[in-house]
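This report concerns only the one structure given below.
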Amino acid sequence: MDVDLKATLCGGQCFSWKEKDGVYTAVMDGRLVSIRNTDDIRREGLSRYFDLDYPYGEARAYLASLSSVMKQAVSYAPGLHILNQDEWCATISFILSQNNNIKRITSLYDTLCRTYGTSVGDGSYAFPTQEQLSHATEAELRELHFGYRSVYLVSAAEEWKPIPRDLPTEEARKELLRRKGIGPKVADCILLFGLHRMDTFPMDTWMKKVMSRFFPGKDGSLFAPYEGLAQQYLFQAMREGGLSC
DNA sequence: CACCAGGCCGTGC
DNA sequence: GCACGGCATGGT
Numbered sequence: 091m092d093v094d095l096k097a098t099l100c101g102g103q104c105f106s107w108k109e110k111d112g113v114y115t116a117v118m119d120g121r122l123v124s125i126r127n128t129d130d131i132r133r134e135g136l137s138r139y140f141d142l143d144y145p146y147g148e149a150r151a152y153l154a155s156l157s158s159v160m161k162q163a164v165s166y167a168p169g170l171h172i173l174n175q176d177e178w179c180a181t182i183s184f185i186l187s188q189n190n191n192i193k194r195i196t197s198l199y200d201t202l203c204r205t206y207g208t209s210v211g212d213g214s215y216a217f218p219t220q221e222q223l224s225h226a227t228e229a230e231l232r233e234l235h236f237g238y239r240s241v242y243l244v245s246a247a248e249e250w251k252p253i254p255r256d257l258p259t260e261e262a263r264k265e266l267l268r269r270k271g272i273g274p275k276v277a278d279c280i281l282l283f284g285l286h287r288m289d290t291f292p293m294d295t296w297m298k299k300v301m302s303r304f305f306p307g308k309d310g311s312l313f314a315p316y317e318g319l320a321q322q323y324l325f326q327a328m329r330e331g332g333l334s335c
């Protein structure tokens, strides 16, 4: 099955892609990339980023077998994939996300690129590296409308280090929770979208609504070993009104 | 005016 | 351990 680009790129996993007339564009590894379909993904060498080798067919079948609501959520956007994003970029992105909406997160993400990132031409900018963002000050960020998240960004750039790839999810989570501005929800988003830990289930305000309404008393472990994918299916369906009793 | 958005932190109990 | 208010900003 082809990747659903809209569900995958514009559903709150990442904030770097722009869509125009069915063409999705972003800066990847220092160059501007445009794609329209799964063939373009392969042609541009983005198979890993789009997670093409993960057994989505198997995961979909299993999740859909669990409950009618989950089946409905899966059928809403079956081509949804979980991206393999850069850990640094995902960390900053989800620090921006707290108590915020996707539109404004995207806008703030854009401001970071234009202010601190490297130009790649055509008015586009790469996401700033840790070194580039470490030049930002709290006062400067506040002027750029980052609000109380400003201090978290400064701290993240100062104290950044990658999580060892072989560290078990629960220990990685503890490490993330020590960092300023990273709580349970942001940590889980970094684990899922930046480290591809499918055994995480980020609980934001939308997911709290989903769980209390459709799976009262349960948690993400109900969907093991595909918690993360299940979460994203439910998140999308709930936000766009695709779930009914 | 209120309340909400991919929440977290510090305080008080 | 848990509940609560404060926090920046922009949209409805």
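Take 91 as the starting number for the first sequence in my numbering and just add one per residue. All C-beta atoms, glycine included, are put in the ideal place defined by N, C-alpha and C.
When only Cα atoms are considered, Leu-142 and Ala-247 end up about 31 Å apart. Relative to Ile-253, the option among Ala-180, Ala-163, Ile-131 whose CA is nearest is Ala-180.
A residue is called buried once 16 or more other Cβ atoms fall within 10 Å of its Cβ, and Ala-151, having fewer, is exposed. In the DSSP assignment, Arg-121 falls within the beta strand (DSSP E) that extends over 121 to 125. Shown here for Gln-220: same chain residues with a beta carbon closer than 8 Å to its own, the five before and five after excluded, namely Trp-178, Ala-247, Trp-250 in chain order.
The C-alpha of Tyr-199 lies about 31 Å from the C-alpha of Ser-302. Within the model, the alpha-carbon separation for Leu-231 versus Gly-101 is close to 26 Å.
In this structure Gly-284 is not in contact with Gln-188, their Cβ atoms being roughly 15 Å apart against a cut-off of 8 Å. In the displayed model, Met-118 falls within a strand according to three-state DSSP. Taking 4 residues as the shortest admissible run, the stretch 121 to 184 contains the following complete alpha helix (DSSP H) segments, listed from N- to C-terminal end: 128 to 133, 146 to 156, 158 to 166. In this structure, DSSP gives Lys-299 a helical state, which the three-state scheme calls helix. A distance below 8 Å separates the beta carbons of Val-241 and Glu-228. Rounded to the nearest angstrom, the Cβ distance from Ser-106 to Val-117 is 7 Å, consistent with a contact under 8 Å. Beta-carbon to beta-carbon, Met-328 and Lys-299 are separated by about 6 Å, close enough to satisfy the 8 Å threshold. For Val-113, the number of other beta carbons within 10 angstroms of its own is below 16, and it is reported as exposed. Comparing alpha-carbon positions, the option among Phe-184, Pro-168, Pro-315 lying closest to Leu-266 turns out to be Phe-184. Contact between Gly-332 and Tyr-166 holds, since their C-beta atoms are separated by about 4 Å, short of 8 Å.
Take Lys-270, set aside five residues on each side of it, and the residues of its chain with a beta-carbon closer than 6 Å to its own are Tyr-242, Ser-245, in chain order.
Excluding five sequence positions before and after Pro-292, the CB atoms of its chain that fall closer than 7 Å to its own CB belong to Lys-275, Asp-278, Cys-279, Leu-282, Gln-321, given in chain order. Around the beta carbon of Ala-262, 16 or more other beta carbons sit within 10 angstroms, so the residue counts as buried.
In the DSSP assignment, Lys-108 falls within the beta strand (DSSP E) that extends over 108 to 110.
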